[in-house]
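J.: Going down the list, the protein sequences come from chains A and B.
Here the first sequence is numbered in numbering that gives the first Met the number 0, starting from 0 and rising by one per residue.
Here the second sequence is numbered in numbering that gives the first Met the number 0, starting from 0 and rising by one per residue.
2 protein chains.
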Amino acid sequence: MANDSQVMDKLVSLCKRRGYIFQSSEIYGGVGSVWDYGPLGVELQRNVKEAWWRAMVHERDDIEGLDAGILMHPRVWEASGHVAGFTDPLVDCKACKARFRADQLEESSCPRKPSVHPGEFHDCQLTEPRLFNLMFKTFMGPVEDQAAIVYLRPETAQGIYVNYLNVLNSSRQRIPFGIAQIGKAFRNEITPGNFIFRTREFEQMEMQFFVKPGSDEEWFERWRAWRLEWHQALGLAPARLRLHQHGPEELAHYAKAAFDIQYEFPFGWQEIEGVHNRTDFDLGRHQQYSGKKLEYFDQAANERYLPYIVETSAGADRVTLTLMVDAYREEQVEGETRVVLGFHPAIAPIKAGVFPLVKKDGMPELATELYHALKRRLPVFYDDSGAIGRRYRRMDEAGTPFCITVDGDTVSARTVTVRHRDSMSQDRVGLDQVEAYLRERLEV
Amino acid sequence: MANDSQVMDKLVSLCKRRGYIFQSSEIYGGVGSVWDYGPLGVELQRNVKEAWWRAMVHERDDIEGLDAGILMHPRVWEASGHVAGFTDPLVDCKACKARFRADQLEESSCPRKPSVHPGEFHDCQLTEPRLFNLMFKTFMGPVEDQAAIVYLRPETAQGIYVNYLNVLNSSRQRIPFGIAQIGKAFRNEITPGNFIFRTREFEQMEMQFFVKPGSDEEWFERWRAWRLEWHQALGLAPARLRLHQHGPEELAHYAKAAFDIQYEFPFGWQEIEGVHNRTDFDLGRHQQYSGKKLEYFDQAANERYLPYIVETSAGADRVTLTLMVDAYREEQVEGETRVVLGFHPAIAPIKAGVFPLVKKDGMPELATELYHALKRRLPVFYDDSGAIGRRYRRMDEAGTPFCITVDGDTVSARTVTVRHRDSMSQDRVGLDQVEAYLRERLEV
Numbered sequence: 000m001a002n003d004s005q006v007m008d009k010l011v012s013l014c015k016r017r018g019y020i021f022q023s024s025e026i027y028g029g030v031g032s033v034w035d036y037g038p039l040g041v042e043l044q045r046n047v048k049e050a051w052w053r054a055m056v057h058e059r060d061d062i063e064g065l066d067a068g069i070l071m072h073p074r075v076w077e078a079s080g081h082v083a084g085f086t087d088p089l090v091d092c093k094a095c096k097a098r099f100r101a102d103q104l105e106e107s108s109c110p111r112k113p114s115v116h117p118g119e120f121h122d123c124q125l126t127e128p129r130l131f132n133l134m135f136k137t138f139m140g141p142v143e144d145q146a147a148i149v150y151l152r153p154e155t156a157q158g159i160y161v162n163y164l165n166v167l168n169s170s171r172q173r174i175p176f177g178i179a180q181i182g183k184a185f186r187n188e189i190t191p192g193n194f195i196f197r198t199r200e201f202e203q204m205e206m207q208f209f210v211k212p213g214s215d216e217e218w219f220e221r222w223r224a225w226r227l228e229w230h231q232a233l234g235l236a237p238a239r240l241r242l243h244q245h246g247p248e249e250l251a252h253y254a255k256a257a258f259d260i261q262y263e264f265p266f267g268w269q270e271i272e273g274v275h276n277r278t279d280f281d282l283g284r285h286q287q288y289s290g291k292k293l294e295y296f297d298q299a300a301n302e303r304y305l306p307y308i309v310e311t312s313a314g315a316d317r318v319t320l321t322l323m324v325d326a327y328r329e330e331q332v333e334g335e336t337r338v339v340l341g342f343h344p345a346i347a348p349i350k351a352g353v354f355p356l357v358k359k360d361g362m363p364e365l366a367t368e369l370y371h372a373l374k375r376r377l378p379v380f381y382d383d384s385g386a387i388g389r390r391y392r393r394m395d396e397a398g399t400p401f402c403i404t405v406d407g408d409t410v411s412a413r414t415v416t417v418r419h420r421d422s423m424s425q426d427r428v429g430l431d432q433v434e435a436y437l438r439e440r441l442e443v
Numbered sequence: 000m001a002n003d004s005q006v007m008d009k010l011v012s013l014c015k016r017r018g019y020i021f022q023s024s025e026i027y028g029g030v031g032s033v034w035d036y037g038p039l040g041v042e043l044q045r046n047v048k049e050a051w052w053r054a055m056v057h058e059r060d061d062i063e064g065l066d067a068g069i070l071m072h073p074r075v076w077e078a079s080g081h082v083a084g085f086t087d088p089l090v091d092c093k094a095c096k097a098r099f100r101a102d103q104l105e106e107s108s109c110p111r112k113p114s115v116h117p118g119e120f121h122d123c124q125l126t127e128p129r130l131f132n133l134m135f136k137t138f139m140g141p142v143e144d145q146a147a148i149v150y151l152r153p154e155t156a157q158g159i160y161v162n163y164l165n166v167l168n169s170s171r172q173r174i175p176f177g178i179a180q181i182g183k184a185f186r187n188e189i190t191p192g193n194f195i196f197r198t199r200e201f202e203q204m205e206m207q208f209f210v211k212p213g214s215d216e217e218w219f220e221r222w223r224a225w226r227l228e229w230h231q232a233l234g235l236a237p238a239r240l241r242l243h244q245h246g247p248e249e250l251a252h253y254a255k256a257a258f259d260i261q262y263e264f265p266f267g268w269q270e271i272e273g274v275h276n277r278t279d280f281d282l283g284r285h286q287q288y289s290g291k292k293l294e295y296f297d298q299a300a301n302e303r304y305l306p307y308i309v310e311t312s313a314g315a316d317r318v319t320l321t322l323m324v325d326a327y328r329e330e331q332v333e334g335e336t337r338v339v340l341g342f343h344p345a346i347a348p349i350k351a352g353v354f355p356l357v358k359k360d361g362m363p364e365l366a367t368e369l370y371h372a373l374k375r376r377l378p379v380f381y382d383d384s385g386a387i388g389r390r391y392r393r394m395d396e397a398g399t400p401f402c403i404t405v406d407g408d409t410v411s412a413r414t415v416t417v418r419h420r421d422s423m424s425q426d427r428v429g430l431d432q433v434e435a436y437l438r439e440r441l442e443v
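(1) What is the DSSP secondary structure of Q180(A), reduced to helix, strand or coil?
(2) What residues in its chain sit with their C-beta under 6 Å from that of M204(B), if we drop five residues either side in the sequence?
(3) With distances taken from CA atoms, which of R418(B), E143(B), M323(B) is nearest E346(B)?
(4) Are there 16 or more other CB atoms within 10 angstroms of the CB of V415(A), so buried, or fewer, so exposed?
(5) Does F21(A) get closer than 8 Å to chain B when you measure Cβ to Cβ?
(6) What does a CB cutoff of less than 6 Å around R241(A) pick up in its chain, not counting 5 residues either side in sequence?
(7) Cutting at 6 Å between CB atoms, please list the residues of its own chain near P348(A), excluding the five before and the five after it.
(8) Mark D431(B) as exposed unless 16 or more other C-beta atoms lie within 10 angstroms of its C-beta, in which case mark it buried.
(9) My output table needs one value for R427(B): the three-state DSSP class, helix, strand or coil.
(10) Given this structure, state the Cα-to-Cα distance separating M0(A) from W229(A), to the nearest angstrom.
(11) How big is the Cα-Cα spacing for D382(A) and E368(A)?
(12) Does any residue of chain B bring its CB to less than 8 Å from the CB of N187(A)?
(13) Taking only the alpha-carbon atoms, compute the straight-line gap between H57(B) and G68(A) and give it to the nearest angstrom.
(14) How is A1(A) classed by DSSP in three states: helix, strand or coil?
(15) What residues in the stretch 24-37 of chain B bring their beta carbon closer than 8 Å to a beta carbon of chain A?
(16) Can you name the residues of chain B whose CB is closer than 8 Å to the CB of K183(A)?
(17) DSSP three-state label for N168(A), please.
(18) Report all residues from its chain with a CB closer than 7 Å to the CB of P237(A); omit the five preceding and five following residues, and keep chain order.
(19) Measure the Cβ-Cβ separation of T86(B) and L125(B) and say whether it is below 8 Å.
(20) For H245(A), which residues in chain B fall below 8 Å Cβ to Cβ?
(21) What first and last residue would you give for the beta strand (DSSP E) that runs through T367(A)?
(22) Is P497(A) helix, strand or coil when you go by DSSP?
(23) Quick check: what's the CA-CA separation for R239(A) versus R221(A)?
(24) Sort out for me which residues DSSP pairs E77(B) with in a bridge.
(25) Would you mind telling me which residues of chain B sit closer than 8 Å to T137(A), beta carbon to beta carbon, in chain order?
(26) Buried or exposed for Q145(A), going by 16 or more other Cβ atoms inside 10 Å?
(27) Going along the chain, which residues of its own chain have a beta-carbon closer than 6 Å to the beta-carbon of F354(B), five neighbours each way excluded?
(28) Between the Cα of G385(B) and the Cα atoms of M394(B), V379(B), L377(B), P378(B), which residue gives the shortest distance?
(29) Under 9 Å Cβ-Cβ, which residues of chain A neighbour G192(B)?
(30) Given R418(A), which residues of its chain have a CB within under 6 Å of its CB, disregarding the five upstream and five downstream residues?
(31) Closer than 8 Å by beta-carbon distance: list the chain B residues that pair up with S289(A), in chain order.
(32) Which residue spans inside the stretch 57-102 of chain A form an unbroken beta strand (DSSP E) run of at least 3?
(33) Which runs of the beta strand (DSSP E), 3 residues or longer, sit entirely within the stretch 106-147 of chain A?
(34) With a threshold of 8 Å between beta carbons, is R16(A) in contact with chain B?
(35) In its own chain, which residues sit with a C-beta less than 7 Å from the C-beta of Q269(B), not counting the 5 before and 5 after it?
(36) Per DSSP, what are the beta-bridge partners of Q244(A) in this structure?
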């Protein structure tokens, strides 16, 4: 990552230029804190979600997948505590019309007259704090009354809890087991920001692991370690990852213990995933509010109990942002600044660029043939436009780990050069060996 | 598909039993017309979306992917015509409180006193029709006033239109080219129904292809043919697929020509995908409403024009339902009813069951070993519970094309039986040949 306080601005600009991320509805001036993934961004995000699903569902015997709706019965959010308690204290300024979180006033300042010292609001006329519920609400059916209110889910977890017996009864699972889900959630944040870090619409990758009470602390420790390892395996700089344990004052009402997996962003250490011991709070509440028994019957031990839940909750957008921030660097090469997204090859959206050195002497034909042969198996990109150095730079910015150039020797000796993004070194590889050469280095 | 008017009820029941689809928030009595995908349903739906993305994005050079937000700038929906015109005429009954679409009264009847002849409402007191907008609305920010209204997108297409120049400028595409997107959309339907066919929350797989005016009819015909072929390749019964051309009275305001790809469900022929020639209507409106030029500059021809758009719009849930309905059958086998989901192996959620014939004599060890070796590469399922015939039946219902049984001969001769779901025939295959045997038949 570049040691630069402007790195976020540069990243936002690169994201637009290379088709990673665009501001939503940009031609209309944008919409507050919603972002759209462009051609490369959607592939990067797909690779993140795919890596998570593979690790959490496909490679394990004890976790089942689920995809629950965004709209749920409104009683779900009474049971979960969100209707009563999912609020932020809001403060308005009558003078400048700005809006602040009352619990973050010390780090804020007036947008009209930014203070040298945050927390000072010289000409502001702040109102008393009032509680503002962060759930987006809408109405189902044509009548907009209290009975028709439904919410956009503020977390995917509740979709797992209310389906836990359905999953248990239709699969062959026994406790301990988990349910994993990837999906959108919505929070009407007062102060969203930091690009795709805190947005009003975002995607979660959540897993809820159901365990016997008494075994929860052991499972909590396991999941904390496993999830940290998962982030490390994506190639993040180890020094920028850490665990942060919630102190008693930070713990949510449902949690017995909680750790954040944090990353050191240019804007500070921030949570990218939470691992929580939620006890039997959620199932207990749903049992109470629905009137349905949600106990597990352990046939072997002939006993019934309400399972404890260990949750792992990651933001797909946050993981994607982390990967981009971690991968971003600038280097001075031959008197020019080279911008690189140094992604781990396994998550890079494009695995290789394929270039004819020049547009003649049979090179475009051979390059096109190679491109089509590779494309059936791997995401590759063809480029014949501009000097070869410029084409390398474009691929560096896009995060593509390898560039394959078809040149005069390809025509005569059927070899190509494979250029490595990070070292910029080049290997000479036989034309019929290119796919094997790439596969060995891509870990895909 | 079973020739049975109750087939939908049976399918809904199977979906719950085998973990394909559950009613949302079931423990709270369910929420109107939202469904959750269980462990097998989420994998089936993933296979559908993956097949679409592969065909539309990864295997083509002329289509880019996109993932735009559900929440967009509200002006988008003024430009698109949805605020003014995305309405259904609604009729209420003052007596029985039922609600009908005024344009479907002839096919409806009172829910309290269902008539022999639909369209007769003996004791009903129907109101005059009033227009009801189908967009869900919510408020962004803490103030619930007109200025804060945003909508849940009723289609993903608009996210593509407003991003078209961003995609064009960040990719190396030239017209003709397309942008593809998979994502959730929401419609506050008055009369949802038929399981996951018409729901208030659903997932679209849309592709917008940008072409030069004058070449639009040719591209329209190509896409109509390609999309029909895609559905056929999923293994659907050819006689249940057809094209339906929109007559002048059916054509949407933006369309110059439109075809539905229809499937014959137990509840009749219904659209599963639409192919539309939308002309330059959408880009023209966004140009007008945003004040931003959205013309394409053709460098080779040195001319500017507003592209025409050919749209292919499929429902992921509808394709999934189609596959399930098409795959569902009942057979009489040895005096018992065998229920089968005869999925094409490429889209089946589980590719093979792995069973030890009995839980002794070294069979569980060998079966477990085989299971773990396969599971790293293919979705497989281990089952050692109950008689082998019952295990076959469970896999038949789950749609699993192959079952591999480890028996006495596996221990002595290192061979297994591979049982085929559809023919119920069995092959004897070497233990080290199982993966190759499956791959050859799975087309994965």
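Glycine included, C-beta positions come from ideal geometry on N, C-alpha and C.
T.: Once the coordinates are examined:
(1) strand
(2) W51, I181, A313, A315
(3) At residue 346(B) the sequence reads Ile, which differs from the Glu that was named. Nearest of R418(B), E143(B), M323(B) to I346(B), Cα basis: M323(B).
(4) buried
(5) yes
(6) Q261
(7) L39, E42, L43
(8) exposed
(9) strand
(10) Residue placement at M0(A) is flagged as unreliable, the pLDDT there being 44, under the threshold of 50; a coordinate-derived value is accordingly withheld.
(11) 13 Å
(12) yes
(13) 28 Å
(14) Only weak support exists for where A1(A) lies, its pLDDT of 46 falling under 50; the value from the coordinates is given anyway. Residue state, collapsed to three classes: coil.
(15) S24, E25, I26, Y27, G28, G29, V30, G31, V33, W34, D35, Y36, G37
(16) I69, K183
(17) helix
(18) Q231
(19) no
(20) Those do not exist, as H245(A) stays about 27 Å from chain B at its closest Cβ, beyond 8 Å.
(21) First-last for T367(A): 362-374, but that is the alpha helix (DSSP H), not the beta strand (DSSP E).
(22) Examination of residue 497(A) is not possible in this model, given that chain A is present from 0 through 443 alone.
(23) 21 Å
(24) DSSP, once it has assigned bridges, lists no residue as partnering E77(B).
(25) F135, K136, T137, L151
(26) exposed
(27) D382, R390, T404
(28) M394(B)
(29) Simply none; closest approach about 14 Å.
(30) C402, Q425
(31) I26, Y27
(32) 62-65, 86-91, 98-100
(33) 129-132, 136-138
(34) yes
(35) F196, Q261, Y262
(36) F258(A)
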